[in-house]
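Reading through the C-alpha cells given below for one structure.
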Amino acid sequence: MDNVSVRPAEPEDLAAVAELRWRWARENGTPPVTTREEFVTAFTEWARDNRGSHRCVVAVRGDVVGGDVVRDNVVGGDVVIGMAWLATVRRVPHPGSLDRISGDVQCVYVVPEQRNGGLGGRLIEAVLAHARDLGVERATVHSSIRAIPAYRRHGFVQSPQLLDVDIAHR
10 MDNVSVRPAE PEDLAAVAEL RWRWARENGT PPVTTREEFV TAFTEWARDN RGSHRCVVAV
70 RGDVVGGDVV RDNVVGGDVV IGMAWLATVR RVPHPGSLDR ISGDVQCVYV VPEQRNGGLG
130 GRLIEAVLAH ARDLGVERAT VHSSIRAIPA YRRHGFVQSP QLLDVDIAHR
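Under our numbering, think of the first position of the sequence shown as 10, with each following residue one higher.
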C-alpha cells in the first residue's frame, strides 16, 4: 500500500466520497430511498453545507488500475478507496474550560478489496490527529462489532458513563 495516501478531503473528492457511502449502504443491504445520482448530489451539498462541523479524510490510491474499484471513485487520477469523518460539537462552557469541543468519529469505510491491510487504522489515526489539532477533549464512535478491535487499538475504550438512547425507536 505504498501508493496509498491519507489526506483531508477536497471539494472535488466529495462525489467520490458519496459513492463510497452509497456502496457501503448497498453492501449492508440498506434499501435506498432515492436514486444513486440524487444521493450523490444531496450528499455533496450536505458535505459542503456542514464542512464547519464535519470534516472528512480520504484514502487515495495514486495509480489507477483496472479491477474492482468503482470507476466513479476516480478523482484527478487518484482512486478514493476509503473515508473517515470527524463530527465536532461545541460543548457548554465550564469554569475550568471555556472552549470545549467533543468529537464523534463517523463513517470509517474502506472498499472491501483494500481491507485488512491497516488502511482503516490509518484513517482512524488521521481523524484523531485532526481532533487533537482542533482541541477536541474526547471522541466517541458508534462502531460495528467487526471494527471494535480497530478502535481499541487506537485508544477507544468503553465508558460506563456514556449512555445513549435510540430516539427513532423509542
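Note that beta-carbon positions come from the ideal geometry of N, C-alpha and C, so glycine has one too.
- Around the beta carbon of V13, a 10 Å sphere encloses 16 or more other beta carbons of the protein chains shown; the residue is thus reported as buried.
- Shortest Cα-Cα distance from Y118 to any of P17, W55 and A34 involves A34.
- If you keep only unbroken alpha helix (DSSP H) runs of at least 4 residues inside the stretch 70-152, you get 128-143.
- Put simply, the backbone Cα of C116 is about 16 angstroms away from that of Q123.
- From the listed residues R32, L132, N59 and P121, the smallest Cα separation to E46 is found for R32.
- Below 8 angstroms, enough C-beta pairs join the stretch 59-74 and the stretch 86-94 to call them touching: three or more.
- Going by DSSP, V13 is part of the beta strand (DSSP E) stretching over V13 to P17.
- Close CB contacts of T43 within its chain, under the 8 angstroms cut and outside five residues either way in sequence, are with A51 (chain order).
- Shown here, A156 sits in coil according to DSSP, grouped into three states, outside any helix or strand.
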